[in-house]
Amino acid sequence: MKKWIMASMFFILFLSLAACSNDSESTGNTDNGESGNSESDGEASGDAVELDFWIFGSTGYDQLVEEYMADNPNVKININEGEMNDMHNNLFTSISAGSGAPDIAQIEISSIEKFFQAKDQFYNLNDYGAEDIAGNYLDWKWAQAQTDGSFQIGLPTDVGPTTMFYRIDVMEEAGLPTDREEVAAQIDSWEAYYETAKTVKEKTGKPISDTPKLVFNAIRDQEEQQYFNENDELIIEDTVKEAYDFTTKMIAEGLIGQNDLWTPEWGSAMAEGTYATLPGAPGWMVANVKGNAPDTNGLWDIAKIPEGAGNWGGSFLTIPKESEHPEEAFAFISWLTAPEQQLKSFEIAGLFPSTPDVYENEDFLATTDEFFNGAPTAKIFAEAAQSVKTVYMGPNYSIVDTELGTALLNVAVEGADPQAEWDAALERINSQLERQ
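Going left to right, the sequence shown walks through residues -21 to -1, 1 to 415 as mature numbering (1 follows the signal peptide of the UniProt record, and there is no 0) numbers them.
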């Protein structure tokens, strides 16, 4: 996320160019909302076309692209896959320069509102029939890619509803329940999480979580407002300060460890069982646990998170205005994000569907994971997904998130004063916001 700060210079250039852009539609656009759905098999025209598709992460889309091209021989799709921040930065640069952008670009949820400021550089998918398929998706997910009430910048891909992963062996060592229903009943509030943490520490000497940011994130993501209101006013004193104070209190009492997310130490702790829970863990975290701790098969389970699920992650597929084939691009992304293909993405790569019709599929609901003690993962995440609230994130979300993460880590690692770190983070945030 820190790369977004470095990318601000690109963004300033980008905004100036967007302001001067021509409002006329690029070649291939239409004047009605029917063109995107005129050919359900994706063959929007009889001419052969080639589409460049930029993606990041482990999506499994390569297999689905091959399936689509086999059924639509007039369409060739070239996948360009990279690291998330790099792909976002490259997209900024390309649309700012007016050349080099793909026909289809994946954008992650925490960045989508940055691109709202340059919506003139993207096709409004409602012009191609997006409104007709809005009912396929979770309401809150659909709303995240909509601006000005009528401009749909992207179609939803996956979501990241949050739960709580826990180590069966550590809970057992602490004399606590290990059955997932009993764990959820035992830890049904954040106050109960705090009391459980004290028991885990007393009985095992281990923290309940090794990462301050996970605890903070889990509580933050349950709030209906987080860093900004819809007027882009900073509101963290009224919304997430309580989550920050709760987390730093647990740090001070030795109930939360010092590891930062995505570090080697974080991965090692996962493998060694040096803590009890991963709170606020979304569906895509399953792959991270298996990758970092392959020898812990059967030692993990999944329970509901206390006080309700939030969402962490998920993306959208957009069509930059530079594309000369918006009809064909929309035909493809509407196929790729349809319930049938989202189910396949879940089966191939674990991307959790944003299409609630899938949640009623018997085979989907029967999905279990032996690595997580046979937990009915699909059912657990589906229930969480349907309880998530719509949250306005704002274009400068990553600035605030990065600085609060730094403050939490300074408290955990350096023993810094929590309030002093909050005040310093707030000063850094305001300084950066003034330059936007």
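Even for Gly, the Cβ is constructed at its ideal location relative to N, Cα and C. Since the model is a prediction, treat every value here as computed from it, not as a measurement.
Local Cβ density within 10 Å of residue i, reported as buried at 16 or more and exposed below that
{"i": "residue 300", "result": "buried"}
{"i": "residue 57", "result": "exposed"}
{"i": "residue 414", "result": "exposed"}
{"i": "residue 210", "result": "exposed"}
{"i": "residue 245", "result": "buried"}
{"i": "residue 320", "result": "buried"}
{"i": "residue 285", "result": "buried"}
{"i": "residue 62", "result": "exposed"}
{"i": "residue 131", "result": "buried"}
Element boundaries [beta strand (DSSP E), containing residue i]
{"i": "residue 86", "result": "83 to 87"}
{"i": "residue 146", "result": "142 to 146"}
{"i": "residue 291", "result": "290 to 297"}
{"i": "residue 28", "result": "28 to 35"}
{"i": "residue 318", "result": "That residue, residue 318, is in no beta strand (DSSP E); its alpha helix (DSSP H) goes 318 to 328."}
{"i": "residue 394", "result": "Per DSSP, residue 394 belongs to no beta strand (DSSP E) and is neither H nor E."}
{"i": "residue 347", "result": "It is not in any beta strand (DSSP E) - residue 347 carries neither H nor E in the DSSP assignment."}
{"i": "residue 257", "result": "256 to 260"}
Residue i in three-state terms, based on DSSP
{"i": "residue 368", "result": "coil"}
{"i": "residue 353", "result": "coil"}
{"i": "residue 40", "result": "helix"}
{"i": "residue 56", "result": "strand"}
{"i": "residue 411", "result": "helix"}
{"i": "residue 125", "result": "strand"}
{"i": "residue 2", "result": "At residue 2 the pLDDT is 40, less than 50, meaning the model places this residue with poor confidence; the figure from the coordinates comes in the next sentence. The answer is coil: DSSP assigns residue 2 none of H, G, I, E or B."}
{"i": "residue 96", "result": "coil"}
{"i": "residue 237", "result": "coil"}
{"i": "residue 275", "result": "helix"}
{"i": "residue 75", "result": "helix"}
{"i": "residue 334", "result": "coil"}
Close-in-space but distant-in-sequence residues of the same chain around residue i (CB under 6 angstroms, 5 per side omitted)
{"i": "residue 338", "result": "361"}
{"i": "residue 178", "result": "153"}
{"i": "residue 203", "result": "368"}
{"i": "residue 218", "result": "202, 204 and 205"}
{"i": "residue 79", "result": "73"}
Other residues of its chain near residue i: CB distance less than 8 angstroms, five sequence neighbours each side excluded
{"i": "residue 355", "result": "344, 345, 346 and 347"}
{"i": "residue 118", "result": "369"}
C-alpha gap between residue i and residue j, whole angstroms
{"i": "residue 135", "j": "residue 257", "result": "26 angstroms"}
{"i": "residue 29", "j": "residue 297", "result": "16 angstroms"}
{"i": "residue 223", "j": "residue 259", "result": "15 angstroms"}
{"i": "residue 241", "j": "residue 221", "result": "25 angstroms"}
{"i": "residue 128", "j": "residue 159", "result": "41 angstroms"}
{"i": "residue 293", "j": "residue 251", "result": "29 angstroms"}
{"i": "residue 403", "j": "residue 364", "result": "35 angstroms"}
{"i": "residue 115", "j": "residue 187", "result": "38 angstroms"}
{"i": "residue 376", "j": "residue 90", "result": "8 angstroms"}
{"i": "residue 123", "j": "residue 88", "result": "8 angstroms"}
Limits of the alpha helix (DSSP H) - the one that residue i falls within
{"i": "residue 194", "result": "191 to 199"}
{"i": "residue 175", "result": "169 to 183"}
{"i": "residue 155", "result": "Taken as a continuous stretch (DSSP letters only), residue 155 belongs to no alpha helix (DSSP H), as it is neither H nor E."}
{"i": "residue 373", "result": "Note, residue 373: premise wrong, no alpha helix (DSSP H); not H, not E."}
Neighbourhood of residue i by C-beta distance below 7 angstroms, restricted to the same chain and skipping five residues each side
{"i": "residue 357", "result": "343, 344 and 346"}
{"i": "residue 328", "result": "37, 38 and 39"}
{"i": "residue 103", "result": "130 and 131"}
Minimum Cβ-Cβ distance from residue i to chain B less than 8 angstroms
{"i": "residue 168", "result": "Judged by its chain identifiers, the structure shown contains no chain B, having just a single protein chain."}
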